[in-house]
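*Asks:* Numbering (numbering that gives the first Met the number 0), first residue to last: 0 to 328.
Here a beta-carbon is modelled for each residue, glycine too, at the ideal position from N, C-alpha and C.
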Amino acid sequence: MTGLWSRTPPRKARPPKTSPSPSIGSPWAPSSSIYPNFQHETAGRTSSTPFSLSSPSSSTSSAPAPQGSPYSWNSGSSLSSPGTPRRRQPEVLGPTPSPSSSYRLPPLQRSMGYLAFPPPSASPSPPKSSPPMSAPAPETTPPAPADAQVDLAAEEKARALRLQQAEEARRGEEAWVASGGTLRDAHGRRDPVRTAAVRAELALRAWEAEAVARWEAYEAAWRRLLGGDADEVQEGLRFKDIPWPVSVPGGAVQPEDVTVSRVEEFLLEGLKVRGCPTTRRERVRGALLRWHPDKMTRVVGRVVDEDTERVKEGVRVVTECLQKLNETR
């Protein structure tokens with residue numbers, strides 16, 4: 000009966016698909032601890048797999064893959080196609096063990112990475128002490144050769160000769176200018192500038208010589224007065240016999256010649272001489288010690304009666320000038 004209510008015959012049940020099962024004992028077989036019923040379910044079951052599995056640990060190998068199969072599974076190799084080139088697996092810290100090898104990678108240390116360095120030691124080794132360095136030998140200057148010594152001696156002799164000639168020329172110019180002559184230049188023309196400079200130098204030397212001579216005469220007079228030369232000491236002293244620190248053109252000092260300004264000029268003029276080793280302080284101090292009232296009592300006691308008051312007045316003026324110079328250093 001055909002129609003809506005006709006009954007269609009039932010389809011035949013297809014056998015369940017079975018997946019290829021690796022042989023028992025293969026390292027790629029599922030573990031029984033994870034799949035406890037795997038061995039029981041696959042026991043006695045035969046499968047027509049298009050590839051074969053070989054166990055690395057088993058001495059017997061399973062049947063090869065059927066003819067015309069595009070895949071083959073060999074020990075230590077991966078599933079590959081005849082036309083696909085094999086790709087080399089990267090090696091990390093050593094070669095990758097094959098499934099059939101019993102080699103295993105050594106365990107890595109914690110303190111070591113890709114570049115292995117020894118772990119730092121707890122106690123560093125003491126630095127090696129270097130041997131003491133010996134002091135360098137002092138450098139000795141080699142003696143000059145004989146030719147160099149001869150040249151040096153000749154040069155010194157020539158230099159001394161040049162200095163001697165220059166000194167003789169200077170003395171000749173000074174003598175010529177002192178006599179009233181005029182110097183000339185290298186071209187024979189009159190040189191008034193150099194002539195005036197030589198005349199000023201001659202005048203300065205003459206004044207310095209006079210100042211030194213006056214001071215030396217003053218010191219010599221005081222040495223005679225205080226008993227340096229017994230033959231020249233007189234019994235009665237007069238005002239003119241006292242070595243007053245003033246400069247008078249005639250040489251005979253009068254009471255009106257002893258003033259503060261003249262005393263100051265005489266005492267300090269010698270300090271202007273070039274090369275004078277005495278300082279202003281030393282000159283004033285020496286004069287204060289010489290003209291001190293206690294020391295001048297001995298001198299005043301040897302003065303005649305008619306000149307005693309004038310000598311005392313002169314000593315007072317000199318002392319006043321020295322005190323003024325001592326205050327204005």
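#1: Looking at the strands, I want to know which residues DSSP matches up with Arg-189.
#2: Three or more C-beta pairs under 8 Å: does that hold for the stretch 267 to 276 against the stretch 286 to 293?
#3: Compare the Cα-Cα distances from Val-299 to each of Gln-148, Gly-250, Ala-152 and Lys-239 and report the closest residue.
#4: Does the stretch 309 to 326 come close enough to the stretch 244 to 259 to have 3 or more Cβ pairs within less than 8 Å?
#5: Secondary structure at Leu-236, three-state DSSP: helix, strand or coil?
#6: Return yes when the Cβ of Pro-244 is within less than 8 Å of the Cβ of Leu-266, no when it is not.
#7: Give the secondary structure of Val-247 by DSSP, where H, G and I count as helix, E and B as strand, and everything else as coil.
#8: Within 10 Å of its beta-carbon, does Asp-184 have 16 or more other beta-carbons around it, so buried, or fewer, so exposed?
#9: Taking DSSP as the reference, what is the three-state secondary structure of Val-302?
#10: Can you have a look at Ser-214 and say buried or exposed, based on whether 16 or more other CB atoms are within 10 angstroms of its CB?
#11: Buried or exposed for Leu-324, going by 16 or more other Cβ atoms inside 10 Å?
#12: Would you call Asp-146 buried or exposed, if buried means 16 or more other Cβ atoms sit within 10 Å of its Cβ?
#13: Have a look at Ala-152 and Gly-187 and give me their C-alpha separation to the nearest angstrom.
#14: Closest to Arg-189 by CA distance: which of Ala-199, Glu-200 and Val-176 is it?
#15: Under the three-state reduction of DSSP, which class applies to Trp-214: helix, strand or coil?
#16: Less than 7 Å between C-beta atoms, sequence neighbours within five positions excluded: which residues of the same chain meet that for Leu-396?
#17: Which first and last residues belong to the alpha helix (DSSP H) in which Trp-175 is found?
#18: Near Leu-236, what residues of its chain come up, given a Cβ to Cβ distance below 6 Å and the 5 sequence neighbours on each side ignored?
#19: Taking the alpha helix (DSSP H) that Glu-308 belongs to, which residues open and close that run?
#20: I'd like the list of long-range same chain contacts for Gly-179, defined as Cβ closer than 8 Å, with 5 residues on each side in sequence excluded.
#21: Where does the unbroken alpha helix (DSSP H) through Val-272 begin, and where does it stop?
*Replies:* In short, the structure shows the following:
#1: Locating residue 189 in the sequence shown gives position 190, where the first residue counts as 1. Paired residue(s): Arg-183.
#2: No, they do not touch.
#3: Numbered from 1 along the sequence shown, position 300 holds the residue referred to as residue 299. Ranking Gln-148, Gly-250, Ala-152 and Lys-239 by Cα distance to Val-299 puts Lys-239 first.
#4: Taking a cut-off of 8 Å for Cβ pairs, the stretch 309 to 326 and the stretch 244 to 259 touch, as three or more such pairs fall below it.
#5: Here the question's residue 236 lines up with position 237 in the sequence shown. Three-state result, Leu-236: strand.
#6: One-based indexing of the sequence shown puts residue 266 at position 267. One-based indexing of the sequence shown puts residue 244 at position 245. Taking 8 Å as the Cβ cut-off, Leu-266 and Pro-244 qualify as a contacting pair.
#7: Here residue 247 is taken as the residue at index 248 of the sequence shown, counted from 1. Look at Val-247 here: in three-state DSSP terms it is coil, with no helix or strand label.
#8: As a first step, residue 184 must be located in the sequence shown, where it is residue number 185. Asp-184 comes out exposed.
#9: Numbered from its first residue, the sequence shown carries residue 302 at position 303. Looking at Val-302 - three-state DSSP - the assignment turns out to be strand.
#10: Start at 1 with the first residue of the sequence shown, and residue 214 comes out as number 215. Sequence inspection shows Trp at residue 214; the Ser mentioned does not correspond to that position. Trp-214 is buried by the Cβ-count criterion.
#11: Working through the sequence shown from its first residue, we reach residue 324 at position 325. Buried, because 16 or more other Cβ atoms sit within 10 Å of the Cβ of Leu-324.
#12: Position 147 of the sequence shown, counting from 1, holds the residue named residue 146. By the 10 Å Cβ count, Asp-146 comes out exposed.
#13: Position 153 of the sequence shown, counting from 1, holds the residue named residue 152. Position 188 of the sequence shown, counting from 1, holds the residue named residue 187. One C-alpha to the other measures close to 36 Å.
#14: In the sequence shown, the residue the question calls residue 189 occupies position 190. Per the Cα distances, Val-176.
#15: Here the question's residue 214 lines up with position 215 in the sequence shown. Helix.
#16: The question about residue 396 has no answer here: the residues shown for the chain are numbered 0 through 328.
#17: Position 176 of the sequence shown, counted from the start, is the residue given in the question as residue 175. That run of the alpha helix (DSSP H) goes 145 to 177.
#18: Counting from one through the sequence shown, the residue named residue 236 turns up at place 237. Only residues of its own chain outside the window of five on either side were considered, and among them Arg-301 and Val-302 have a CB closer than 6 Å to the CB of Leu-236, listed in chain order.
#19: For this step, residue 308 is matched to residue 309 along the sequence shown. Where Glu-308 is concerned, the enclosing alpha helix (DSSP H) stretches over 307 to 326.
#20: Position 180 of the sequence shown, counted from the start, is the residue given in the question as residue 179. Result list for Gly-179: empty, nothing under 8 Å.
#21: For the purposes of this step, residue 272 is taken as residue 273 along the sequence shown, with counting starting at 1. No alpha helix (DSSP H) holds Val-272; DSSP gives it neither H nor E.
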